[in-house]
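Engineer: In my numbering, the protein residues as written are 742 to 1017.
For glycine and all other residues, C-beta sits at the position ideal for the given N, C-alpha and C.
Pasting in a structure now, in structure tokens, and then I'll have a few things to ask.
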Ligand code: ATR
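So this is what it looks like as structure tokens:
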């Protein structure tokens, strides 16, 4: 909390907008990053409900020392329409999780779930290009990760989701953008893939079922999570027991924090900084 004493009139301000907000860890992680770099920047949590999002975002345009904000549940889709421009990734995924506010108050949105996941894998020496990948989930995070994996050049992508229609729709959208990539609808059987990714929310709660049939995992497979809390989910425990290499959700969070800091930087040199 010592850094709070250093906040002054020249400190650049960032926000995270969510509902509920009490559980967010991002301000602490982001403020640690700012402090480690000696940046005069601070992030604060804003608790905003869905009906107030438009009014709040309109007001944020006028705050001249606000450089940007992170957007999370339940606003990732609604914020897209409130931005003046969005990245190609955000357009494809249909969601935004970070917004840069330029000097004139204009807002530019991006989605970094996919880039953060890829950076986290690569930071641990896992290169998905050429791999066959099994992805459980077809929600917001899954969409971003699926597009990022396809863009990274996976040889095959198999998607399985409880609600199959959502997986089918995602496969159609992916196939339109990446016609050369083999993209298939899967079952709960992850066999035959180099990399197995859980991008559902299963594993967050202690009584959750497993997202896939872990008895069919083989030791040559890498099993990855996007859940950070708990760090070792029941899926990762089971994957370890089956002899697989595991990749937890923490690298994705840490890489995404750095990518978000860069995405909200108004200084072009900082935006282009090689963070990973
Ligand atoms: P996020 O933005 O975190 O990705 P989301 O868009 O609500 O959240 O997506 C949650 C994902 O977890 C979905 O793939 C969801 O499956 P459905 O599309 O069938 O809802 C999956 N999921 C959540 N609870 C689940 C459960 N009990 N069993 C199976 N899948 C579940």
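Give me the pocket residues for the ligand GDP, defined as CB within less than 7 Å of any heavy atom, sorted by chain position.
Structural biologist: The ligand GDP is not part of this structure, which contains only the ligand ATR.
Engineer: Going by beta carbon distance, what residues of the same chain come within less than 6 Å of residue 762, once the five residues before and after it are set aside?
Structural biologist: Answer for residue 762: 786 and 788, listed in chain order.
Engineer: Which same chain residues end up closer than 6 Å to residue 851 when comparing Cβ atoms and leaving out the 5 residues on each side of it in sequence?
Structural biologist: Closer than 6 Å at the Cβ level, and outside the excluded window around residue 851, lie 828, 831, 839 and 1004.
Engineer: Do residue 877 and residue 901 count as a contact pair if the criterion is CB distance below 8 Å?
Structural biologist: Yes, these two residues count as a Cβ contact at 8 Å.
Engineer: Is the beta carbon of residue 794 sitting closer than 8 Å to the one on residue 819?
Structural biologist: Yes, they are a contact pair.
Engineer: CB-CB under 6 Å to residue 805, same chain, minus the five flanking residues each way: which ones, in chain order?
Structural biologist: Correct list: empty, nothing qualifies.
Engineer: Given a cut-off of 8 Å on the beta-carbon distance, is the pair residue 848 and residue 802 in contact?
Structural biologist: Yes; because the gap between Cβ atoms is below 8 Å, this pair is in contact.
Engineer: From residue 1014 to residue 956, what does the alpha carbon distance come to, in whole angstroms?
Structural biologist: Because the pLDDT of residue 1014 is 38, which lies under 50, any placement of that residue in the model is unreliable, and the number read from its coordinates should be weighed accordingly. Using only the alpha carbons, I get a separation of about 43 Å.
Engineer: What is the DSSP secondary structure of residue 808, counted as helix, strand or coil?
Structural biologist: Three-state DSSP puts residue 808 in a strand.
Engineer: Just reading off the beta strand (DSSP E) that residue 850 is part of, what are its end residues?
Structural biologist: 848–851 is the span of the beta strand (DSSP E), which, as asked, contains residue 850.
Engineer: Could you tell me which residues DSSP pairs with residue 874 in its beta bridges?
Structural biologist: Residue 874 pairs with 898 and 936.
Engineer: Would you report the Cα separation of residue 909 and residue 880, rounded to the nearest angstrom?
Structural biologist: Their backbone Cα atoms lie some 12 Å apart in a straight line.
Engineer: Given residue 926, which residues of its chain have a CB within under 8 Å of its CB, disregarding the five upstream and five downstream residues?
Structural biologist: Counting only Cβ-Cβ distances below 8 Å, and skipping sequence neighbours, we find 899, 900, 901, 905, 908, 909 and 912.
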